[in-house]
Each structure stands twice: as C-alpha cells, then as structure tokens.
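Asks: In this note's numbering, the protein residues as written are 159 to 720.
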C-alpha cells in the first residue's frame with residue numbers, strides 16, 4: 159500500500175497504547191523488562207515506566223485531538239511529581255525508571271533519566287505549552303530547569319555520544335524556550351564539543367550502535383528542526399551526515415541487517431523498532447513492513463528524520479566492501495581501538511581490535527544470507543550464563559580471516575562495565591566461551607573435531623581452530639574441546655572453561671588465563687593456518703595470508719589490571 163501520513167501513523171501508535179493506560183496511577187502499564195542492572199525489581203510482571211509514559215503524553219498532545227488533552231495533562235502532572243527536586247540530594251533532577259521503584263531503591267539510579275525525560279518535557283512545552291493549564295505550565299518549566307541543572311552538573315563528555323547529544327538538546331532548547339542564556343550557552347558549547355571530538359576521532363565513540371546511533375540521529379534531527387540557532391543547525395547537519403554514513407556503511411543489503419561490530423546493541427538481529435525507523439527515514443526505500451502495520455513511535459513525529467539521498471543506494475546495493483575505523487583514542491593518542499568489517503553479497507564479518515565482552519558489545523559478529531532469512535554467528539564469554547565484562551576480546555582481521563583471543567581482567571566488571579566491578583575474584587559454577595548461532599537455523603550444521611569446530615551455514619563454510627588455551631584455576635584438564643549444542647532457538651559451539659560446583663576463581667593469583675583462535679569463512683575456511691609462539695609473559699599467533707603479510711596477534715598470559 160502507499161505510504162501513510164505521519165499524522166495517521168501517530169494516531170495509530172497512540173491508539174495502540176490507549177489500552178495500556180492506568181487511569182488511577184495516570185501512567186502506562188507495561189510488561190517488566192530489565193537489562194539486569196540499575197533496577198532491583200525482580201519477578202515483577204507489570205510496571206509503570208516513566209520514559210514510555212512521558213513519550214505517550216507527548217504523542218497524545220501531538221495528535222492535536224481535544225479528547226486526549228486532559229489525559230496528557232494528567233500524565234505530565236504525574237511525571238513531574240516523580241522527579242527529585244531537592245538540590246541537596248545526589249539524585250536531584252532525575253527520575254526513577256518505574257513508579258514501583260523510587261530512586262532510593264534503585265542500584266544505582268540512572269542519571270541519564272534527566273536527559274530521557276527532560277527532552278520530552280521540553281518538547282511538550284515548546285510545541286504545546288500554550289495549551290497547558292497555568293499551574294502545569296509552571297511545574298513543567300521548573301521540572302525542565304531541574305533536569306537542565308542535573309545535566310550540567312553531571313556534564314558528560316562527548317565520548318558518551320547519545321547522552322552528550324541529548325543533554326545538548328535539552329539545555330539548548332530549554333534555554334531558547336525560557337530565555338535562560340546559561341542553559342542556551344551550555345547547550346551550544348556541548349554541541350560544539352561533540353562536533354570537535356568526532357572530527358578529531360573520525361567517528362562517534364559509541365561506534366556503530368544500532369540502538370544509540372538512532373537516538374543520536376533522532377535527537378539531532380529534532381534539534382535541527384526546533385532550534386532557532388543557525389550555527390546549531392549547521393553542527394547538527396555535520397553530525398547527522400556522519401551518523402548516516404556510519405549506518406549506510408554498515409548496512410548489508412543481502413541480509414537486510416545492520417552489521418557489526420557494534421559497540422552497544424541490545425539485540426543481535428535488528429529489532430522491529432530499528433527496522434521501522436529505517437523504513438520511515440528512507441521513505442520506504444528500505445521496506446520491512448506494510449505501512450499500515452509499521453510499528454511507528456510517537457517520538458518520530460515532526461522529528462525531521464530523513465536519510466540523505468546520497469546514502470540511499472547503500473541500503474539496496476550489494477557489493478564487496480572492507481571498512482576499518484578508529485573508534486577510540488586515549489588522551490595521549492597512544493592507545494587506539496579499531497573496528498573492522500568485511501562484506502560480500504552473501505555475508506558480513508566484523509570484529510573489534512580490543513573490547514570488553516559485556517552484553518552490549520558484539521566483538522565478533524557475522525551475518526549470513528540463508529535462503530530467505532538471515533543467520534548470525536556471535537562470540538560470547540559467559541559467567542553463569544551471563545556475558546562477563548572482565549573477559550577481553552582482541553582480534554586481528556583481514557577480510558574473511560581472523561585471529562582472535564580472549565584474556566581477562568582482575569578488576570573489570572561482572573555484568574556491567576562499571577556498576578559491579580570485581581575485586582580480583584568471582585564466584586562461579588560455569589564459565590565458557592560460546593560461538594552462538596541464531597536467526598534462521600535452517601541449513602545450519604555444526605560439528606566438533608576436538609580443538610576445531612566447523613560450521614556450514616547454507617553452504618558457507620566457517621572453521622574455528624583453538625591455537626592456545628590455558629586457564630590456571632586448579633582444574634585438571636586433558637584437552638580443550640568444542641561442544642556442540644542447541645537451546646532456546648539458538649545453536650552453539652562452547653569451549654567450556656569451568657563447569658561444576660560453585661567456587662571462587664581468583665584471577666589475581668593465576669599465572670595464565672588466555673585463549674587464542676583462528677577463524678575463516680568461505681573458500682579459505684580450511685586453508686587458513688596459524689602458528690603459536692609463547693614465553694612466560696605473552697602468547698603470539700601468526701596467521702598465513704598467502705601472498706600478503708601475515709596476521710599477528712599478541713596477548714598477555716596473565717590476567718591484567720585495568
């Protein structure tokens with residue numbers, strides 16, 4: 159069918175949420191979900207989230223329908239009441255995630271909520287403040303001020319891409335709307351800082367994130383649309399071009415996936431939300447849904463989001479492509495991290511040169527066209543079934559061939575990089591490395607031959623070889639072997655590091671804890687060979703690339719300190 163108007167899609171989205179509205183609490187009721195940190199809620203079926211609720215309120219107002227006005231006002235009154243407005247509190251200016259869990263019970267509270275809630279309040283006031291009752295107009299104004307003060311006090315750097323952009327959005331627009339020159343100056347300076355940082359780095363440090371690149375695109379587009387400042391509009395244009403180029407460069411037309419590696423991702427396959435966003439932004443050039451069934455989101459309305467025409471061909475053209483990009487550089491410029499992606503018409507493979515293996519980072523990720531669907535392969539390090547942040551991935555990639563390894567930190571995170579740091583030890587009943595295969599599992603076969611695992615993904619051969627394995631935890635092992643299994647709609651090849659009774663694993667006392675592997679896809683899968691050399695400090699793998707200089711990877715044998 160023909161493209162629906164944005165107004166019709168907005169109304170359809172609002173009507174889909176109407177049944178979730180709780181009139182007593184004056185918030186949306188949604189199924190509980192959590193990434194496993196910040197919230198202490200467990201085994202809860204339904205919650206009333208602040209973020210989704212304030213987005214709903216703005217969408218109600220954006221319909222311009224009188225019958226929705228009172229509900230929107232009720233919601234805004236509730237949202238404002240949940241903010242910490244005490245400047246003596248550490249949580250001043252922010253909101254809890256859920257009505258059911260006040261800030262005092264969160265572990266820890268999420269300071270990003272000053273940005274996530276604040277941006278919706280300032281937009282509601284900017285677009286519809288003239289319709290507010292006087293008391294609500296003043297309370298929203300004061301709430302936005304508190305959010306701006308919290309954002310300025312926290313003052314995140316430009317490396318935190320999506321929050322840096324969002325904070326600039328809230329403060330700059332609040333400054334313009336309410337005549338607060340201090341907020342306006344701060345917002346402009348922060349936006350300029352993001353521009354200068356990305357110019358120097360050549361990329362966003364939140365590199366190639368399907369989740370947060372879209373947040374950046376959305377907020378930059380809205381800021382460009384709403385601000386009166388011409389310099390801010392120009393800076394938004396520059397950052398938007400960089401963001402859309404990153405998206406277009408990593409879109410694989412053969413699988414219709416946004417390929418890796420991803421610095422921050424919440425689902426390996428594209429979510430319906432991301433698909434819908436790309437369809438709207440490309441005006442249907444990339445088509446995932448019939449327009450009348452597209453899961454439209456209210457915050458896209460009047461956002462001005464459009465993919466530049468110069469990048470549209472990247473979403474449909476199938477070509478071989480190699481990309482290498484620096485996405486992190488320390489202050490001295492000596493330490494750098496690189497992302498590498500290789501694509502053919504049938505598959506894509508991406509790796510980071512060095513990254514922690516937390517649940518949002520896809521450090522080694524392949525997508526393969528499999529019949530009418532897509533199969534993915536992803537490497538994970540699991541501590542009792544959850545991605546282990548103190549495992550460190552390191553790789554050297556050339557096209558479809560990779561040397562990669564996993565080493566460990568003594569003081570990294572457990573489930574989150576910063577919120578639950580380990581102090582040298584973890585309690586564990588299971589630690590393993592997993593090559594996870596998901597998506598379309600038709601025409602997928604996996605076999606283990608001791609230190610090698612071989613996969614056939616709809617005719618594409620993939621081979622992984624263990625080059626070196628050591629984990630000095632006191633467990634006797636005769637050999638390291640890949641184990642093939644299938645569970646919960648994924649199949650996998652696991653290299654089990656430890657499995658048994660719960661025990662304390664002390665990384666500080668280990669003489670060695672390191673794993674090295676080779677991996678190759680396609681015709682070269684069985685021909686990519688590597689040799690290993692090691693001394694008491696390091697392990698070195700060298701992979702033969704034929705006529706080209708060899709790939710080399712060096713890892714420490716002992717766990718390291720951050």
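A virtual CB, placed ideally from N, CA and C, is assigned to each residue, including glycine.
Using only CA atoms, which one of 478, 518 and 519 lies nearest to residue 114?
Replies: No information on residue 114 is available, as it lies outside the stretch 159 to 720 that the chain covers here.
Asks: What are the boundary residues of the alpha helix (DSSP H) that residue 463 is part of?
Replies: Here residue 463 refers to the residue found at position 305 of the chain shown. Bounds of any alpha helix (DSSP H) do not take in residue 463, whose DSSP letter is neither H nor E.
Asks: With DSSP as the reference, please indicate the residues paired to residue 257 in a beta bridge.
Replies: Counting from 1 along the chain shown, the entry for residue 257 is found at position 99. Bridge partners of residue 257: none, in fact.
Asks: If you draw a straight line from the C-alpha of residue 524 to the C-alpha of residue 297, how long is it?
Replies: In the chain shown, residue 524 corresponds to position 366, counting from 1. In the chain shown, residue 297 corresponds to position 139, counting from 1. Approximately 50 Å, taken between the alpha carbons.
Asks: Taking 8 Å as the cut-off, decide whether the C-beta atoms of residue 515 and residue 536 are in contact.
Replies: On the chain shown, residue 515 is found 357 positions in, with the first residue counted as 1. On the chain shown, residue 536 is found 378 positions in, with the first residue counted as 1. Not a contact, by the Cβ cut-off of 8 Å.
Asks: Under 8 Å, do residue 417 and residue 499 count as touching if we go by C-beta distance?
Replies: The count along the chain shown starts at 1 and reaches residue 417 at position 259. The count along the chain shown starts at 1 and reaches residue 499 at position 341. Yes; because the gap between Cβ atoms is below 8 Å, this pair is in contact.
Asks: What whole-angstrom Cβ distance do residue 431 and residue 455 have, given they're in contact under 8 Å?
Replies: As a first step, residue 431 must be located in the chain shown, where it is residue number 273. As a first step, residue 455 must be located in the chain shown, where it is residue number 297. Residue 431 to residue 455, Cβ: 7 Å. Contact.
Asks: Is it buried or exposed for residue 605, if we count other Cβ within 10 angstroms and need 16 for buried?
Replies: For the purposes of this step, residue 605 is taken as the residue at position 447 of the chain shown. By the 10 Å Cβ count, residue 605 comes out exposed.
Asks: Could you check how far apart the C-beta atoms of residue 406 and residue 473 are, in whole angstroms? I think they sit under 8 Å.
Replies: The residue labelled residue 406 in the question sits at position 248 within the chain shown. The residue labelled residue 473 in the question sits at position 315 within the chain shown. Sure, about 7 Å apart at Cβ, within 8 Å.
Asks: For the candidate residues 587, 466, 586 and 437, whose alpha-carbon lies nearest to that of residue 161?
Replies: One-based indexing of the chain shown puts residue 161 at position 3. Of the listed residues, the one whose Cα sits closest to residue 161 is 437.
Asks: Determine the DSSP secondary structure at residue 424, reduced to helix, strand or coil.
Replies: What you label residue 424 is simply residue 266 of the chain shown in a count that begins at 1. Coil at residue 424, not helix or strand.
Asks: So if DSSP puts residue 404 in a beta bridge, which residue, or which two residues, is it bridged to?
Replies: In the chain shown, counting from the first residue as 1, residue 404 sits at position 246. Note: residue 404 sits in no beta bridge, so no partner.
Asks: If contact is defined by three or more beta carbon pairs under 8 Å, each pair taking one atom from either stretch, is the region 327-334 in contact with the region 279-293?
Replies: At 8 Å Cβ cutoff, the stretches touch.
Asks: What residues in its chain sit with their C-beta under 6 Å from that of residue 253, if we drop five residues either side in the sequence?
Replies: Taking the chain shown and counting its residues from 1, the one referred to as residue 253 is at position 95. Its chain contains 208, 240, 241, 271 and 275 as the residues whose beta carbon lies nearer than 6 Å to that of residue 253, once the 5 sequence neighbours on both sides are disregarded; these appear in chain order.
Asks: I'd like to check one pair, residue 650 with residue 593: are the Cβ atoms closer than 8 Å?
Replies: Residue 593 sits at position 435 when you count from the first residue of the chain shown. Residue 650 sits at position 492 when you count from the first residue of the chain shown. It is a contact, given that the beta carbons lie within the stated cut-off.
Asks: Along the chain, where does the beta strand (DSSP E) containing residue 677 start, and where does it finish?
Replies: As a working mapping, residue 677 is identified with position 519 in the chain shown. From DSSP, the beta strand (DSSP E) with residue 677 extends over 671-679.
Asks: Taking the C-alpha atoms as reference points, what is the distance between residue 264 and residue 258?
Replies: Within the chain shown, numbered from 1, the residue matching residue 264 stands at position 106. Within the chain shown, numbered from 1, the residue matching residue 258 stands at position 100. Looking at the two C-alpha atoms, the distance is approximately 11 Å.
Asks: Is it a yes or a no for the region 458-465 touching the region 375-388, going by three-plus beta-carbon pairs under 8 Å?
Replies: yes
Asks: In whole angstroms, what is the alpha-carbon distance linking residue 687 and residue 710?
Replies: Your numbering for residue 687 matches position 529 in the chain shown. Your numbering for residue 710 matches position 552 in the chain shown. Between residue 687 and residue 710, the C-alpha separation is close to 12 Å.
Asks: Can the beta-carbon of residue 659 be found less than 8 Å from the beta-carbon of residue 640?
Replies: Here residue 659 corresponds to residue number 501 of the chain shown, with the count starting at 1. Here residue 640 corresponds to residue number 482 of the chain shown, with the count starting at 1. The answer is no: Cβ separation not under 8 Å.
Asks: Count the other CB atoms within 10 Å of the CB of residue 292; is the residue buried (16 or more) or exposed (fewer)?
Replies: Walking along the chain shown from the start, residue 292 turns up at place 134. Counting other Cβ atoms within 10 Å of its Cβ, residue 292 stays below 16 and is therefore classed as exposed.
Asks: Please report the distance separating the alpha-carbon of residue 720 from that of residue 548.
Replies: Your numbering for residue 720 matches position 562 in the chain shown. Your numbering for residue 548 matches position 390 in the chain shown. So the two alpha carbons sit approximately 10 Å from each other.
Asks: Rounded to whole angstroms, what's the CA-CA distance from residue 646 to residue 623? Just pull it up for me.
Replies: Taking the first residue of the chain shown as position 1, residue 646 is located at position 488. Taking the first residue of the chain shown as position 1, residue 623 is located at position 465. When rounded, the distance between both Cα atoms is 26 Å.
Asks: Could you tell me the distance, in whole angstroms, from the CA atom of residue 246 to the CA atom of residue 482?
Replies: Start at 1 with the first residue of the chain shown, and residue 246 comes out as number 88. Start at 1 with the first residue of the chain shown, and residue 482 comes out as number 324. Those two C-alpha atoms are separated by around 47 Å.
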